[in-house]
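Note that full-length UniProt numbering gives residue 57 to position 57 of the sequence shown, counting from 1, and the numbers run on in steps of one. The structure appears below as structure tokens.
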Amino acid sequence: MPASPTTSDLDADLGLALRLADAADAQSLPRFDAADLQVSLKADRSHVTDADLATERAIRDLLSTERPADGVFGEEFGAEGDTQRQWIIDPIDGTANFLRGVPLWGTMIALAIDGVPQVAVVSMPALGRRWWAATGHGAWTATSSGPRRLSVSSVDTLDEASVSFQSITQWSDAGKLPELLAVADRVWRDRAYGDVYSYMLLAEGRIDMVAEFDVKEYDIAAAVPIVREAGGRMTAFDGTETLSSLSALATNGTLHEQFLTLFRDVQRS
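Listed below in structure tokens is the structure:
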């Protein structure tokens, strides 16, 4: 069995992840809202911009120098190399927002060791915000007065919960619209904040649940250590601990089983 990463190992990896985010921001932010932004459609009909491609290349270039033995799995250029230590990258999460000039987009960088995300950085340079975490180190965000440790909310009833459902279409396409309507009927407040920002709001204690469907590993891997180290819980929609189920459910931890029970009750009705 591979040895668990040590604190000093993760310190070095987190330091690198933060520098990867710097390199990403240097590529993405100058192209945000650019008049000559180049946009094309991928095979799955989703959009990709020249900024997505340049940002992922910048991250990969730095990794090839700093961690040549590590594997990489990115949205735009796929997977290569070792999977025991694998950097999982979404160069621009929220490309639709990016190409429309909406500032709710960000770069997601995670290091998974033996399939478990242990280090993460999320950078949203158009908002001037960044979040990071490593196992055992806590979750943090940058503020004008220095780093601030993150903590999820203490909300313990669905009636008081504020949630982000991401997209009605996602839930409908997944055959989960009855569950979404049940959530909306039970909670205090429901909104679709969207994409990676929802998970960061959860880690900051500002909302209490995020759920979405049709997600790949690179869409959620960086959220896992940040939510977990802030005291929350993140699983697939059915409660299993996996990155590859194409769904995600993140909560403040206290409410996780209550949401799972609600979903199961709807499925049985």
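For glycine and all other residues, C-beta sits at the position ideal for the given N, C-alpha and C.
Counting only residues of its own chain and dropping the five nearest sequence neighbours on each side, Glu80 has a CB closer than 7 Å to the CB of Gly71 and Val72. Between the alpha carbons of Glu160 and Arg186 lies a gap of roughly 9 Å.
Contact annotation: Ala248 and Ile220 have beta-carbon atoms nearer than 7 Å.
When the alpha-carbon of Thr157 is set against those of Leu177, His137, Thr141 and Trp188, the nearest one is in Trp188.
Secondary structure at Phe263: helix, using DSSP grouped into helix, strand and coil. Within the same chain, and ignoring the five residues on either side of Ala222 in sequence, the residues whose Cβ sits closer than 8 Å to its Cβ are Ile88, Asp90, Met108, Ile109, Ala110, Pro117, Ala120, Val121, Val122 and Val196.
In this structure, Met209 lies near Thr251, with their beta-carbon atoms less than 7 Å apart.
Secondary structure at Ile59: helix, using DSSP grouped into helix, strand and coil. Runs of the beta strand (DSSP E) spanning 3 or more residues and lying entirely within the segment 150-176 occur at 162-164, in chain order.
Just so you know, the alpha carbons of Gly74 and Trp105 end up roughly 16 Å apart. Here Glu76 is near Asp52, since their CB atoms are less than 7 Å apart. Pairing Ala139 with Glu179, the inter-Cα distance amounts to about 30 Å. Around the beta carbon of Gln267, fewer than 16 other beta carbons lie within 10 angstroms, which makes this residue exposed.
A Cβ-Cβ separation of about 24 Å leaves Glu66 out of contact with Thr141 under the 8 Å criterion.
In this structure Leu202 is in contact with Val227, their Cβ atoms being roughly 6 Å apart against a cut-off of 8 Å. One Cα belongs to Leu20, the other to Trp171, and the distance between them is close to 33 Å. Here Pro147 is exposed: its Cβ has fewer than 16 other Cβ atoms, across all protein chains shown, within 10 Å.
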